[in-house]
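To start, the structure itself, in structure tokens.
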Amino acid sequence: MNFWEKVTGSDMTKEIKSFESRVKKLPTDYQVAWEKIKANLWPHSDLTGRNLMPIFDGVLGLLEETAADGQSIQEVLGDDIKGFCSALADEEGANSFRDKWRKQLNNNIAKKLGK
């Protein structure tokens with residue numbers, strides 16, 4: 000990735016387009032679940048969203064494998080897609096900008112209190 004791609008985000012645009020082309024090959028219920036997964040994972044992104052690209056790739060790989068095996072989306076993700084996404088983001092360490100600011104605020108307060 001060169002500087003221009005990093006500044007403009009064109010590298011991420013290419014990657015997202017490749018994800019979407021892979022999603023079109025999935026069954027309809029998987030496509031609906033993918034949209035819900037994206038909506039629930041984006042709040043865990045950093046300022047650019049680059050930290051989520053490996054997570055999206057892994058989840059999409061999981062969906063492709065389970066669709067090929069003939070499993071239903073309910074068997075794979077269950078009923079709580081939001082919980083699945085939260086657990087996944089926490090496990091992968093996808094800290095959002097809010098998490099970064101929270102940590103920074105806590106550190107500043109601890110310094111002021113002399114701890």
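Numbering (numbering that gives the first Met the number 0), first residue to last: 0 to 114.
Don't be surprised by glycine CBs; every beta carbon is placed ideally from N, CA and C.
Q. Taking just the CA atoms, how far does lysine 111 sit from alanine 38?
A. 38 Å
Q) Closest by CA to glycine 60, which one among Thr7, Glu19, Leu46, Glu90? A) Glu19
Q: Kindly list the residues whose CB is nearer than 6 Å to the CB of isoleucine 72, restricted to its own chain and excluding five residues on each side of it in sequence; keep chain order.
A: Asp28, Tyr29, Ala32
Q.
Here's the rule: buried if 16 or more other CB atoms are within 10 angstroms of the residue's CB, otherwise exposed. What is valine 58?
A. buried
Q.
For a test of the three-state rule: what should DSSP assign to glutamine 103, helix, strand or coil?
A. helix
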